[in-house]
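Student:
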Amino acid sequence: MSKTAQGSTMIFLLAFTVIISLYVFFGYLNKGWIFGKDAQLYYMVGRSLYFDHDVDFTNEWTITPHPEHLGEPRLTTTGRIANQFPIGYAIISQPFFLISDICTRFCNNILRTNLPNDGYRGIYGFLVPFSSILLACIGIYFSFKIICQFFSEIIASLSISTVVLSTSLLWYVTGHLTMSHAYSFFVVTAFINASLIFFDKRPSNVPSSRYVLVGSLLSLAVMVRLQNLLFVTIPLISISVNIFKNFSSKTPSAWTRLFLKISLASFSFLIYFIPQLLFWKTIYGTFFINPYATVGQTFKLLDPYFLKTLLSTNHGLFLWHPITLFSCMGLSVMLLKDKRNRIFLLSLTICFLFTWYIIATWNDFSLANSFGNRGFDGSTLFFALGWAQILYILNKKKMVIAICLFFVLWNVQLLFQQRYLGWLPYYGKVSHLQVFLNYKKLPFELERLKLKYF
Numbered sequence: 025m026s027k028t029a030q031g032s033t034m035i036f037l038l039a040f041t042v043i044i045s046l047y048v049f050f051g052y053l054n055k056g057w058i059f060g061k062d063a064q065l066y067y068m069v070g071r072s073l074y075f076d077h078d079v080d081f082t083n084e085w086t087i088t089p090h091p092e093h094l095g096e097p098r099l100t101t102t103g104r105i106a107n108q109f110p111i112g113y114a115i116i117s118q119p120f121f122l123i124s125d126i127c128t129r130f131c132n133n134i135l136r137t138n139l140p141n142d143g144y145r146g147i148y149g150f151l152v153p154f155s156s157i158l159l160a161c162i163g164i165y166f167s168f169k170i171i172c173q174f175f176s177e178i179i180a181s182l183s184i185s186t187v188v189l190s191t192s193l194l195w196y197v198t199g200h201l202t203m204s205h206a207y208s209f210f211v212v213t214a215f216i217n218a219s220l221i222f223f224d225k226r227p228s229n230v231p232s233s234r235y236v237l238v239g240s241l242l243s244l245a246v247m248v249r250l251q252n253l254l255f256v257t258i259p260l261i262s263i264s265v266n267i268f269k270n271f272s273s274k275t276p277s278a279w280t281r282l283f284l285k286i287s288l289a290s291f292s293f294l295i296y297f298i299p300q301l302l303f304w305k306t307i308y309g310t311f312f313i314n315p316y317a318t319v320g321q322t323f324k325l326l327d328p329y330f331l332k333t334l335l336s337t338n339h340g341l342f343l344w345h346p347i348t349l350f351s352c353m354g355l356s357v358m359l360l361k362d363k364r365n366r367i368f369l370l371s372l373t374i375c376f377l378f379t380w381y382i383i384a385t386w387n388d389f390s391l392a393n394s395f396g397n398r399g400f401d402g403s404t405l406f407f408a409l410g411w412a413q414i415l416y417i418l419n420k421k422k423m424v425i426a427i428c429l430f431f432v433l434w435n436v437q438l439l440f441q442q443r444y445l446g447w448l449p450y451y452g453k454v455s456h457l458q459v460f461l462n463y464k465k466l467p468f469e470l471e472r473l474k475l476k477y478f
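According to my numbering, the sequence shown is numbered sequentially starting from 25.
#1: Evaluate the contact criterion for the stretch 53-70 versus the stretch 148-163: three or more CB pairs, one atom per stretch, below 8 angstroms.
#2: Using the rule of at least 16 other Cβ atoms within 10 Å of the residue's Cβ for burial, across every protein chain shown, is residue 304 buried or exposed?
#3: For residue 133, which residues from the same chain have a beta carbon less than 8 angstroms from its beta carbon, with the 5 sequence-adjacent residues on both sides left out?
#4: Does DSSP classify residue 271 as helix, strand or coil?
#5: Does the distance from the CB of residue 43 to the CB of residue 211 come in under 7 angstroms?
#6: Spell out a yes or no on whether the stretch 63-82 and the stretch 263-274 are touching, meaning 3 or more CB-CB pairs, one atom from each, closer than 8 angstroms.
#7: Measure the CB-CB distance between residue 248 and residue 204 and report whether it falls below 7 angstroms.
#8: In the DSSP assignment, what are the bridge partners of residue 99?
#9: For the alpha helix (DSSP H) that contains residue 42, what are its first and last residues?
#10: Between residue 91 and the rest of its own chain, which residues show a CB-CB distance below 7 angstroms, the 5 nearest in sequence each way excluded?
#11: Are there three or more Cβ pairs, one per stretch, closer than 8 angstroms when the stretch 91-102 is compared with the stretch 138-148?
#12: Does the beta-carbon distance from residue 371 to residue 410 come in below 7 angstroms?
#13: Between the C-alpha atoms of residue 222 and residue 228, what's the straight-line distance to the nearest angstrom?
#14: Thinking C-beta only, is residue 31 closer than 7 angstroms to residue 178?
#15: Considering Cα atoms alone, identify which of 276, 446, 453 is closest to residue 470.
#16: Am I right that residue 343 and residue 335 are in contact with their C-beta atoms under 8 angstroms? What's the rounded C-beta distance?
#17: Measure the alpha-carbon distance for residue 360 versus residue 53 and round it to whole angstroms.
#18: First and last residue of the alpha helix (DSSP H) that includes residue 366?
#19: State yes or no: is the C-beta of residue 307 within less than 7 angstroms of the C-beta of residue 100?
#20: Can you tell me the Cα-Cα spacing of residue 457 and residue 467, whole angstroms?
#21: So what's residue 407 in DSSP terms, helix, strand or just coil?
#22: For the candidate residues 251, 297, 121, 235, whose alpha-carbon lies nearest to that of residue 283?
#23: Under the rule that 16 or more other beta-carbon atoms within 10 Å means buried, what is residue 362, buried or exposed?
#24: Can you tell me the Cα-Cα spacing of residue 463 and residue 365, whole angstroms?
#25: Report the start-end ranges of each beta strand (DSSP E) in the stretch 152-202 that is 3 residues or longer and not cut off at the edges.
#26: Residue 383 to residue 112, Cα distance in whole Å?
#27: Going by alpha carbons, who is nearest to residue 479 out of 453, 171, 338?
#28: Quick test of your reading: residue 185 and residue 323, contact by CB under 8 angstroms. State the CB separation rounded to the nearest angstrom.
#29: What are the boundary residues of the alpha helix (DSSP H) that residue 332 is part of?
#30: Nearest CA to the CA of residue 368: which residue from 398, 345, 406, 380?
#31: Taking DSSP as the reference, what is the three-state secondary structure of residue 323?
#32: Enumerate in chain order the residues of its own chain whose CB-to-CB distance from residue 47 is below 6 angstroms, with the five nearest sequence positions on each side excluded.
#33: Spatial neighbours of residue 230 within its chain, please: CB distance less than 8 angstroms, with the 5 preceding and 5 following residues excluded, ordered by chain position.
#34: Starting from residue 84, trace the alpha helix (DSSP H) in both directions and tell me its first and last residue.
#35: Just the Cα atoms here: how many angstroms apart are residue 157 and residue 206?
#36: List in chain order: all unbroken alpha helix (DSSP H) runs of 4+ residues lying wholly within the stretch 272-315.
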């Protein structure tokens with residue numbers, strides 16, 4: 025193994041150690057990882073599909089570990105318990121329910137243990153949430169491979185590891201694991217990775233199988249988080265630019281091949297999206313609906329909170345995760361310097377801007393009970409590429425390590441203050457000095473935690 029490969033491996037191992045340590049620590053303090061209203065709503069769809077083969081959540085509402093977080097169930101016109109969240113998390117989590125079931129049956133039948141088999145506790149309560157870590161690691165690998173096309177392996181591994189540990193994604197791969205954000209990061213990076221071929225080849229020369237893959241992954245990404253539909257921008261821009269450049273040279277047969285392949289991708293998207301349509305039909309009585317509107321959540325399309333989304337102490341992206349500000353600067357430099365990959369970088373930037381607009385026009389730009397601004401999970405690769413450019417510019421080992429460590433420690437201490445110690449509110453503005461003044465309480469908190477947990 026070369027020194028470069030050894031260095032990259034060491035960086036990933038350190039990042040994984042941090043993630044696993046926080047995962048175990050929070051699981052111990054919280055006595056599990058399935059909690060919170062939204063996270064339990066995501067999880068119960070997967071549990072219901074696996075155990076009951078339906079989307080009737082009556083029994084899940086009673087056996088979930090924290091029914092007090094859910095409140096009273098809200099019924100739709102079909103008489104079903106409402107669940108506004110898409111079905112992608114439930115679909116992807118099915119193999120992990122299966123593995124948990126097999127392990128539980130083996131332990132109970134062969135080893136004569138008495139592990140619970142209710143889908144929430146025992147092995148299920150550990151392994152299904154842990155799937156978010158596994159899928160996030162795959163997403164990190166996809167991101168690493170993409171960044172390696174621009175920078176060295178050391179810079180690529182350091183940039184993506186630092187960004188994951190320095191943004192809101194850290195909380196959703198270590199604590200709030202049954203939310204959809206780690207799954208979203210995984211499937212979006214898989215989709216972008218599959219779409220790269222459109223920037224290297226003419227669209228008519230791209231194999232039909234790749235169009236099927238891209239359409240299917242986009243459908244899965246949308247079923248995980250509906251806003252992920254905006255990432256269709258990436259292949260669309262590439263195909264459109266190629267058509268514009270080669271418009272006069274295309275033969276009728278080339279146009280026909282391209283039309284058929286785009287139709288194939290669209291058909292794949294629709295086929296894979298059928299489970300979501302059936303889910304909406306069963307729950308709400310219609311194939312097409314904005315389920316978030318049923319709980320009073322809407323967009324203010326003409327009144328966006330652009331600056332607050334980035335700069336508010338109420339989960340503003342740049343204030344909570346300052347690495348993202350420097351990442352945007354780095355991406356701007358790449359756009360100016362890298363002419364060869366400018367179309368790809370521009371498409372990523374447009375996706376980031378669309379994401380910013382969607383969050384800024386949401387009726388609650390802070391996304392309520394969020395660690396930082398969790399809505400930007402799909403922009404993780406965008407941030408990592410920009411941060412890689414900053415690391416490349418600095419090009420001094422000690423300075424690079426110190427800066428990366430600073431952003432990681434800043435994020436981790438915010439995570440501890442908000443989620444472990446309760447010093448920062450889950451929702452609402454925070455005094456700029458409060459983050460620092462809170463540490464006056466540290467000696468008393470350490471004693472309290474010692475008595476409570478140890």
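Quick reminder that beta carbons are idealized off the backbone N, C-alpha and C, glycines included.
Tutor: Answer, in terms of the structure:
#1: yes
#2: buried
#3: none
#4: coil
#5: no
#6: no
#7: yes
#8: 105
#9: 27-54
#10: 85
#11: no
#12: no
#13: 9 angstroms
#14: yes
#15: 446
#16: 6 angstroms
#17: 47 angstroms
#18: 366-385
#19: yes
#20: 19 angstroms
#21: helix
#22: 235
#23: exposed
#24: 46 angstroms
#25: none
#26: 20 angstroms
#27: Limits of the chain in this structure are 25 at one end and 478 at the other, which puts residue 479 out of reach.
#28: The pair is not a contact, with the Cβ atoms about 34 angstroms apart (cut-off 8 angstroms).
#29: 330-335
#30: 406
#31: strand
#32: 198
#33: 221, 222, 285
#34: 82-87
#35: 7 angstroms
#36: 276-308
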